[in-house]
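So for the sequence shown, this note's numbering puts the first residue at 8; every next one is plus one. Step one of this worksheet: look at the structure below.
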Amino acid sequence: MTEIIPNGSSPGYVRNDIKTLVNQKSLQWIFVGGKGGVGKTTVSSSIATMLAETRESVLLLSTDPAHSLSDAFGQKFSFEPRLVNGFKNLYAMELDTSQILEGLEGLKETHSFLHTVPDLMKMLPGLDEALSFVELMQSVHSRRFSVIVFDTAPTGHTLKFLKLPELLDKMADTFMKMEGMLGGLMKVVSSLSTAKVSQTEMFDRIKVIRAMINRTHDQMRDPTLTTFVCVCIPEFLSVYETERLIQDLARGDIDCSYIIVNQVLKHIDLGHMVESSWEKLTDEQKEEMEPFFRKVREHESTHNSRVGIQRKYIQDIKDLYEEDFNIVAIPQHKQEVRGKDALIEFGKMLMQPSPLPTYTPTDE
């Protein structure tokens, strides 16, 4: 593994829970992300339930195409914020960033106008997604929630999502330079466009968009306003993706001080129980029950082998991040965490000190 770029908080700030995150009243945007299947939605939903106890209004917003919020709460959510059942101040919404453009008429017209110049669109790949990002940020800004928790898509999509402000800024700069060079061409195209957007109007809109890009940039890079929570499980691919994510966040000057290590297995020792039960059996019963007891010990051995593998990756996480990050270990649950009560209980676990277990060679 590569050496990480310094990120996160000073060692004096580090603890093994999310109390500081929940109690930091200045935070407005909390992004939760990681590899697919590690429990991002459970963590983001649980964090939102804890914030709802201390904040005036909380929005839980999913940008993950899988849209698991509805499953997590057992309630259907859509493009518009909807009050979560059982709460007075927690709202949730699920959206597809590829469809956000439909929500803002001004951007739709500019988008349509730009598509009348195919060569220009080829010069600016990713424009559709970039404009969608603008609409998303404009929308959440206008709703005046105390804090917004983003349940993001898997790591690759999240990194692309977080880099969109920079892409937009480059696009806007390109447009501004074109304003004088392409004036005549733009007038001709504008007269043929069904978007009914004049050259002046389009560039005025781009200037407005650029101003919002700058505000978004500033907010995302301000650790008192924005932070990122990484969720992983103690397996190679997840730990690798977490390192990649933290590196990219650091390069983008986006604060990341929390790592949730989910689905941690506990070592089990059934030896005493098995021996005690075995001694109470008659010879005939022992002969009959021997295959069962053998299976029990085999399952114990298999489970503890997995624990040993997990502990090695947990040690990697500790070696890489323990000095600078708040790392919270959450044990593997027997059942899915679904519904208000289960999510609140999970949130309470996140609020309790939960240090990572220590790896020793005997764990293997």
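Cβ coordinates follow ideal geometry from the N, Cα and C atoms, glycine included.
| Item | Value |
| --- | --- |
| What's the gap between the Cα of G259 and the Cα of I275? | 42 Å |
| Taking the continuous beta strand (DSSP E) assigned at G315, which residues delimit it? | Taken as a continuous stretch (DSSP letters only), G315 belongs to no beta strand (DSSP E), being part of the alpha helix (DSSP H) at 290-328. |
| Using alpha carbons as the reference points, say which of P72, L28, T70, S308 lies closest to S53. | L28 |
| Locate the beta strand (DSSP E) running through D158, then write down its first and last residues. | 154-158 |
| The ligand PLP heavy atoms versus the CB of E352: any closer than 7 Å? | Absent from the structure shown: the ligand PLP. Ligands present: none. |
| Taking N333 as part of the beta strand (DSSP E), name the residues at either end of that continuous run. | 333-338 |
| Nearest-angstrom Cα distance between E173 and R222? | 12 Å |
| From the DSSP output, which residues share a beta bridge with I266? | C237, I334 |
| Could you give the distance in angstroms between the alpha-carbon of V39 and the alpha-carbon of V303? | 39 Å |
| My guess is that S75 and F84 are in contact by the Cβ rule of under 8 Å, so how many angstroms apart are they, rounded? | That pair is no contact at about 10 Å. |
| On the DSSP bridge assignment, give the partners of E37 in chain order. | For the sequence presented, residue 37 should be read as Ile rather than Glu. Answer is V156, T234, bridged to I37. |
| Among S308, D331, E248, I266, which residue has its Cα nearest to the Cα of K273? | S308 |
| Helix, strand or coil for E101 per DSSP? | strand |
| The beta strand (DSSP E) that contains V344, what's its start and end? | First-last for V344: undefined, no H or E at that position. |
| Hey, quick one: how far does the beta strand (DSSP E) through S69 stretch, first residue to last? | 65-69 |
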